[in-house]
Every structure is written in C-alpha cells, then in structure tokens.
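One structure is given below, encoded as structure tokens.
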Amino acid sequence: MSAAPAPHPADSHDLIRVRGAREHNLKNVSVELPKRRLTVFTGVSGSGKSSLVFSTIAAESQRLINETYSAFVQGFMPSQSRPDVDVLEGLTTAIIVDQERMGANPRSTVGTATDVNAMLRIVFSRLGQPRIGSPNAFSFNVASVSGAGAVTLEKGGKKVKERRSFEILGGMCATCEGRGSVSDFELGELYDADKSLREGALKVPGYSMDGWWGRLFSDLFDMDKPIRDFTEGELDDLLRKEPTKIKVEGVNLTYEGLIPRIQKSMLSKDREAMQPHIRAFVDRAIVFRACPECDGTRLNETARSSKIGGLSIADVCAMQITDLAEWVRGIEDPGMAPLIEKLCDTLDSFVQIGLGYLSLDRPTGTLSGGESQRTKMIRHLGSPITDATYVFDEPSVGLHPHDIQRMNQLLLKLRDKGNTVLVVEHKPEMIAIADHVVDLGPRAGTDGGEICFEGTVDGLRASGTLTGKHLDDRARLKDSVRSSTGTIEVRGADRHNLRGIDVDVPLGVLCAITGVAGSGKSTLIHGYVSNREGVVAVDQGAIKGSRRSNPATYTGLLDPVRTAFAKANGVKPALFSANSEGACPECKGAGIIYTDLGMMATMESVCQVCDGKRYDAEVLQYTLGGKSIAEVLDLSIAEAHEFFSAPESKIPKAAKILDRLVDVGIGYIKLGQPLSTLSGGERQRLKLAIHMIEDADVYVLDEPTTGLHLADVEQLLGLLDRLVDAGKSVIVIEHHQAVMAHADWIIDLGPGAGQQGGTVVFEGSPRSLVEDGSTLTGRHLAEYVGA
1 MSAAPAPHPA DSHDLIRVRG AREHNLKNVS VELPKRRLTV FTGVSGSGKS
51 SLVFSTIAAE SQRLINETYS AFVQGFMPSQ SRPDVDVLEG LTTAIIVDQE
101 RMGANPRSTV GTATDVNAML RIVFSRLGQP RIGSPNAFSF NVASVSGAGA
151 VTLEKGGKKV KERRSFEILG GMCATCEGRG SVSDFELGEL YDADKSLREG
201 ALKVPGYSMD GWWGRLFSDL FDMDKPIRDF TEGELDDLLR KEPTKIKVEG
251 VNLTYEGLIP RIQKSMLSKD REAMQPHIRA FVDRAIVFRA CPECDGTRLN
301 ETARSSKIGG LSIADVCAMQ ITDLAEWVRG IEDPGMAPLI EKLCDTLDSF
351 VQIGLGYLSL DRPTGTLSGG ESQRTKMIRH LGSPITDATY VFDEPSVGLH
401 PHDIQRMNQL LLKLRDKGNT VLVVEHKPEM IAIADHVVDL GPRAGTDGGE
451 ICFEGTVDGL RASGTLTGKH LDDRARLKDS VRSSTGTIEV RGADRHNLRG
501 IDVDVPLGVL CAITGVAGSG KSTLIHGYVS NREGVVAVDQ GAIKGSRRSN
551 PATYTGLLDP VRTAFAKANG VKPALFSANS EGACPECKGA GIIYTDLGMM
601 ATMESVCQVC DGKRYDAEVL QYTLGGKSIA EVLDLSIAEA HEFFSAPESK
651 IPKAAKILDR LVDVGIGYIK LGQPLSTLSG GERQRLKLAI HMIEDADVYV
701 LDEPTTGLHL ADVEQLLGLL DRLVDAGKSV IVIEHHQAVM AHADWIIDLG
751 PGAGQQGGTV VFEGSPRSLV EDGSTLTGRH LAEYVGA
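Counting in UniProt numbering, the sequence shown runs from 1 upward without gaps.
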C-alpha cells in the first residue's frame, strides 16, 4: 500500500546521523536515518530499539529545544541530561506519540485532552439558548464563584476604594466538583465490627496498633471495646473526625478520622501509581456511583439548561463521535463557520484513526494504551507543521488487522507532508510500509544493542537476522482443538455498548476474544468474567516504580532472599535492603549521586564509596552460596534461577518466582535492573509472570503479545499451552492472528465498533471462523493463514 520508496538521500543535510550511541544496552551504535522517510525499527523486545529511538534521538531533540528557553523558564521544566552518544546531527523537532496512558486524572476526558471540549464550549456560549455566559460557563473544571472585593478607582484626581460584588460563572457541578461521581465507603472493609482496636479491628493499610497509631488511638478510644459497641459519637470520631491536634506522651500529633484521611492519602493519587496492596484495598473499600445532582455529566444545572437544537453540551459530549460529527455539520451560522470547520476536521480525525466509537466524556484513564496513543495523534493529523520528526512506539497496539491498514495510511500521510517518521514496531503489516528498516539485536539485554541490518524491507527479509527469518512467519490452523471442561455463563451483558448478549466462555481451553477495537471485548471479559472467584486478570496497566524498583523488588523475590541471607549469617534481614539499614551511607542506597546544577541538567555519577553496588561495605561481607547480596542482584534472571536451585543456596520460594520469569522469556534481565530501563514488552511480561505465580483456575490476559517480537510469539503460545495442559483455563483478548489460529475456541464481537458493535458475531473453532468468512476477523485470519 506504500508508494515506491524514494531514493536514499545522498546529501548529509537529509540525514539524521548517530555516532557512538551507548544509552542502556546500546554498544557504540552508529546509524544514518533518511529524513522525510518512514523508518521502522525492529528487533526482539529489549534489543535496544527504544534506547536508540526514544532515549537517544528523541530525548536529545527535546533537550536541545528546552535549551532555547531562558534559564528562568528552564527552571520549571524537568531537567534532562544529554544522552550517552558521541555525535547527533541533523535533528529536527521531535514529537513523541507513545503508549503511556494519558493519566487517570478524574477531570481529564477525551474531549478535554484533544481540545474538542474547548471548541464546543465556544459554540454553546455563542449559539446556546438561553445564553448563559462565556465558554467557562460550560466547563466542568471551572466553579461558579460569587463574592465582593475592594477595587481602587481614580475619581477627581484622587484614588478611592470601592467595594464591588462579582460573580464568576462556571459549569462545575458543586456536588461532585466536576468529577461526575461521588464515593461511598464500604464500612465493613474499613473495620471488623466484632474486634476491638487492640485486636486489630482496622483493615486500612498502615494502621498498626504496635506503633504511634496505637498510642494515638488509646488516648481517644477504649482499645478493648469491640467496634460494634461504640456509641454513635465514638464511631463518628473514628470515621469522620476533622483534623484535631492532641498531645500523646508529650508529643504533638494530629488525629483525623479514617474516611477523610483515606480521601487525602489514597483517593487523591493516580490509581496506577498506588502500591498493589493499596490499590486492592481501595477497590474493595470504595464504591463510586454517578453523582445524583448532575447524573454523572459533571455539569451544573445552568450549564445543562443552554441548548442547541434541543441538546445540551452534556448531551453532545455523551454522543458517539461518529454521530457527533454529523450533528456538528448541521450547525449553520456564518459567524461560526471557521470554528465549525475546525471542529469537524478534528472529529473526522477520530473516525479516520478508528476511534469514532468513543465519546468526548470518556475519562482518559479508561483508555487502553493503544487508544491513548491514537488519541494523542489527533492533535498532529491536522497540524500544518512540516519537517518534524514523529516518533511512534508500536502504534499497532490495540488494533485489529482491519484497523492496522488505516494506521498505515495515517503514518504515510504524515510522511508525505514532509515529515520524518520513526516507528518502533513488531507487526509485519506495519514493517511492510517502511522506506527504511533498522534491525537491532541480535538478542536482548546484554546480548543486544547492535545494528544487525539497515536497508529495505526486501533486504531485511533476505538478511538472515532473527527478524528477517520470522518476517514471513504464518501460524497454521490446528488439526484438532481441545474440548471444554465447563463454561462461565454470561447472561444479559449490557454494559457500555454490549447489547444484552448471552455467551458461554469455555473453560479448560485456550479461548480467544476477538473483534475490532471498540467492539466490546474488554467490557465483556473485564466486566463479566474477570471479577469472578478464581480468576486472575492481567490488564494493560503500566508498571510504575521509582529508580529503586527492579524485578527483584517488584516480584517480591527479594523478601525470601533477604531472609535467607540473614539466616545464613545470623544478622537482621533489614541489612540486605538497599532502602533500609544496609544502604550505602553516601548514596543512601541509590548507587548514584545526583548533583543539582541549577539551570543545567542534574548530573548523575556512580557512587565512589560503594561503586554503584548500593550497599554498605560491611553488608557485602556477608554471603550466601559464595555470593554477596550485590552479586546476587547482578545476576540475570536465568542465572539466578540456576543459583537458587543449587543445594548450597536453594530458596524454593525464590526459585518458584524465577520459574515464571524464565517462562515468560525475560531470563536475560538482571534482578537489580531498574524498572525504568525495561521496554514496554518486558514490563508486560514481568507483570504476566507475577500473576502467574498466583494460584488461579482461570487466567485472563489482555493482549499478551504487546511488545513481543515475531520470534517471541511462538514462546508465548507455548507458555499458554503449558498453562492449559496443567488444567488451567486461559482467556486472551487478542488481535494477533497467530494467537487466534492457535486458540481452541474464538468468540468474535462486532460487527463494528461502538454502537455498531456489542454483539457476538461468531463462536467456534478458528477453522470454523475461517470457513465461515462472514466477519472481519474471519476474513483477516483466512488471509493470514493462506486459506
């Protein structure tokens, strides 16, 4: 579908030149990239693609742009150090369109994130009847405020002060403060009514009665009285008391009821940034429901009263974007024509990019990684900017094969406007449109970081690299499929766009849930299957952690390791924590010294006291199986698996965790490698491994092929087979045809997205789906397997 690639530019001004790149695992990489062309970067997950594209090229472009601002302005920007590279020439402005979620800020919606809401507010402020005020009167982020204040005026040559009243009209619903929902607390999840405080009645994380909390509570309550015997006043103080200063044992402390404290310390945070045990508690203890005052629209009654053609701004924001685009075209007002045209263009971009099924009031925190990435693209599709460098991170994520064709057209459109397009990608359909390919490898981690091939797609196919060998891989339909051992019955599923569907999800098999983006797959599975007992769901949520987080800490592996070290050496486990007593006193366990240079980027240097090992020298004298704790953390997962299985250093609990990490194909990653250096695919598989450690009957995996190289997909299928053969049930929400072909059963939703989806269009084996040929999924699978 791509136009014939243009000749490779010979002029050095038409090249982005990289010399000696050494970020993360890059091994002194040098490469020349043609400008105003589409270059795809390939290679296994962890081979160095993101290190070259994002951490080197894009990062340096953004740093240089930031340096053009004054020192005062730079003081408000995040500091960026120069990437570890010798030469970077020919850079243009980099626009990064990555898979990072758009944030779970409760005030952020698809409409606010793309400025469509801002345009609609102007339209309603000019054309809405009755007229109620400025665009802010239609904003759920602006509260109505009235009051009075003094103003200074000049009268008769003298300055006089007068008191004037004022009113700022905003659209925010006062009850929910523009959030659209209010929270209720399940009191049974906050405390056990049959227990006393001393017996551990409180279920809220962090409330231990052994420390200061116990002393504080004993000053206010009868510690031995069961909660159910508390008076109404005592229970109100326990749950809702406003911050109150009291003195305990001569120390001034502040007491605050459980509910306001939870609201401030937990509910104010991004859910994805919470620690897993905090997130689990919040999910259990707090129920969100639509605000009764605004019915979830976020807007006050005044904002909802102004209408165009009988519809309020809340009504149109709730419409499917395909329908909204049609409604906007019906507005006829000469004075508003330029704004209406811009609004129509933006809404058409949603449809063109395959997101026409969304509504503007959809919270950005509910978008998948792929939906977030495409929503970010909306701003750029209509931009008149040319000669920029657009950088994409696996734009095929979340896309059905049918939608990948549309994404390809959009990437080519950006290129044809005179821009340089750099794409990190695994899907053969997207690699096929490249003008230029850079293949990194040959493997991952320390075995990667090299340029294995540069050239055309045909050249890659004949190159003999891992990517070249697998580029034309096609899974075949299985001759026989497993039979189900039972079913999960779903009846009358009607959330979001689901149309009251009935479906039986088979157990004891590998079941694939397919359909175009927005057809209802995630709603069906996460809404009606994932929340059942014995089911473990691995969603697309990102792994978040500090610079100190690594696979050993994230998986819980370090806990049994610290205990074993302590037992072997007769000391405390806390000594073997770089975040506690065992930390190097110079770098406080970070391994790196950070020097603030004011307006310049913060300088990082390896701690000279511990040589980056993070631990105090005394701690490193203690060993287990001949290795110090720092040496253990420097092992790869595969090496650690062997180490902790050996008789002299055997730790069964650690070996079990490492079993799963090796199973998901990340054996090359070091135990102490910071999570911030892992690629998206590596993080996804790390998360998968964690959930596989849990003893579940049913595993639900949401697009497990995300970030996987063609060669790794086969390993994933082998892992899924082992789970099913061990008596587990595996349900995958997937777009990858190799997974579809390998499934025992397929449930295909559609036929389209949004209002055009929400029904089951096929149930049966992959072979039957291909033979049926009536659905989009069936036709693309048939093409893939060559049927």
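We put the beta carbon where it would ideally sit given N, CA and C, even for glycine.
Does the separation of the CB atoms of residue i and residue j fall below 8 Å?
{"i": "R198", "j": "D237", "result": "no"}
{"i": "T56", "j": "P83", "result": "yes"}
{"i": "G750", "j": "N497", "result": "no"}
{"i": "I321", "j": "S372", "result": "no"}
{"i": "Q352", "j": "R406", "result": "yes"}
{"i": "K203", "j": "P226", "result": "no"}
{"i": "F392", "j": "V423", "result": "yes"}
{"i": "V505", "j": "I488", "result": "yes"}
{"i": "G582", "j": "D634", "result": "no"}
{"i": "H735", "j": "V713", "result": "no"}
{"i": "S605", "j": "G625", "result": "no"}
{"i": "C173", "j": "L299", "result": "yes"}
{"i": "L675", "j": "I501", "result": "no"}
{"i": "V739", "j": "Y699", "result": "no"}
{"i": "Y622", "j": "F565", "result": "yes"}
{"i": "D345", "j": "D539", "result": "no"}
{"i": "L253", "j": "L190", "result": "no"}
{"i": "G180", "j": "C317", "result": "no"}
{"i": "residue 788", "j": "T386", "result": "Since the first residue of the chain shown is 1 and the last is 787, residue 788 is not available in this structure."}
{"i": "K613", "j": "A590", "result": "no"}
{"i": "N136", "j": "G188", "result": "no"}
{"i": "F138", "j": "F124", "result": "yes"}
{"i": "V664", "j": "L719", "result": "yes"}
{"i": "S364", "j": "V53", "result": "Looking at the sequence provided, one finds Thr at residue 364 rather than Ser. No, these two residues do not count as a Cβ contact at 8 Å."}
{"i": "A444", "j": "S47", "result": "yes"}
So what does residue i bridge to, in DSSP terms?
{"i": "D439", "result": "T42 and F453"}
{"i": "D702", "result": "I733"}
{"i": "Y390", "result": "I95 and V421"}
{"i": "F185", "result": "I286"}
{"i": "L299", "result": "M172"}
{"i": "A510", "result": "It is Leu, not Ala, that sits at residue 510 in the sequence shown. Note: L510 sits in a beta bridge opposite V730."}
{"i": "T487", "result": "P506"}
{"i": "A493", "result": "I501"}
{"i": "K307", "result": "Q129 and S312"}
{"i": "P363", "result": "T109"}
{"i": "residue 850", "result": "Coverage of the chain is limited to positions 1 through 787, which leaves residue 850 absent and any answer about it impossible."}
{"i": "R627", "result": "At residue 627 the sequence reads Lys, which differs from the Arg that was named. In DSSP, K627 forms a bridge with L624."}
I need the boundaries of the alpha helix (DSSP H) containing residue i, first residue and last residue.
{"i": "I262", "result": "L258 to S265"}
{"i": "D504", "result": "That residue, D504, is in no alpha helix (DSSP H); its beta strand (DSSP E) goes I501 to L507."}
{"i": "F762", "result": "No alpha helix (DSSP H) holds F762; the beta strand (DSSP E) holding it covers T759 to G764."}
{"i": "N66", "result": "A59 to E67"}
{"i": "R406", "result": "P401 to D416"}
{"i": "T523", "result": "K521 to Y528"}
{"i": "A314", "result": "I313 to C317"}
{"i": "T465", "result": "T465 -> no alpha helix (DSSP H), and no H or E assigned at all."}
{"i": "H641", "result": "I637 to F643"}
{"i": "G778", "result": "L776 to V785"}
{"i": "F72", "result": "A71 to Q74"}
{"i": "V664", "result": "V664 -> no alpha helix (DSSP H), and no H or E assigned at all."}
{"i": "I353", "result": "Here I353 belongs to no alpha helix (DSSP H), and DSSP marks it neither H nor E."}
I believe residue i touches residue j by the beta-carbon criterion, under 8 Å. Please report the beta-carbon distance rounded to the nearest angstrom.
{"i": "residue 795", "j": "G128", "result": "Only positions 1 to 787 of the chain appear in this structure, which leaves residue 795 out of reach."}
{"i": "residue 828", "j": "V536", "result": "Since the first and last residues shown for the chain are 1 and 787, residue 828 lies out of range."}
{"i": "S522", "j": "I733", "result": "6 Å"}
{"i": "A743", "j": "A512", "result": "4 Å"}
{"i": "V760", "j": "V770", "result": "The Cβ separation is near 17 Å, so there is no contact."}
{"i": "R415", "j": "R37", "result": "7 Å"}
What residue does the beta strand (DSSP E) around residue i start on, and which one ends it?
{"i": "I746", "result": "W745 to G750"}
{"i": "Y255", "result": "V251 to Y255"}
{"i": "V535", "result": "V535 to V538"}
{"i": "T244", "result": "T244 to V248"}
- Those runs of the beta strand (DSSP E) which lie wholly inside the stretch 14-41 and span at least 3 residues: With a minimum length of 3 residues, the continuous beta strand (DSSP E) runs that stay inside the stretch 14-41 are 15-21 and 29-34.
- Item | Complete beta strand (DSSP E) runs within the stretch 76-160 (minimum length 3 residues, chain order) | Listed in chain order, they are 85-89, 94-97 and 145-155.
- Item | Ordered list of beta strand (DSSP E) runs contained in the stretch 564-623, each at least 3 residues | Taken in chain order, the complete beta strand (DSSP E) segments of 3 or more residues contained in the stretch 564-623 are 592-595 and 603-606.
- Message: What ranges does the beta strand (DSSP E) occupy inside the stretch 179-231, keeping only unbroken runs of at least 3 residues that lie completely in it?
- Response: Here the runs fully enclosed are 181-185.
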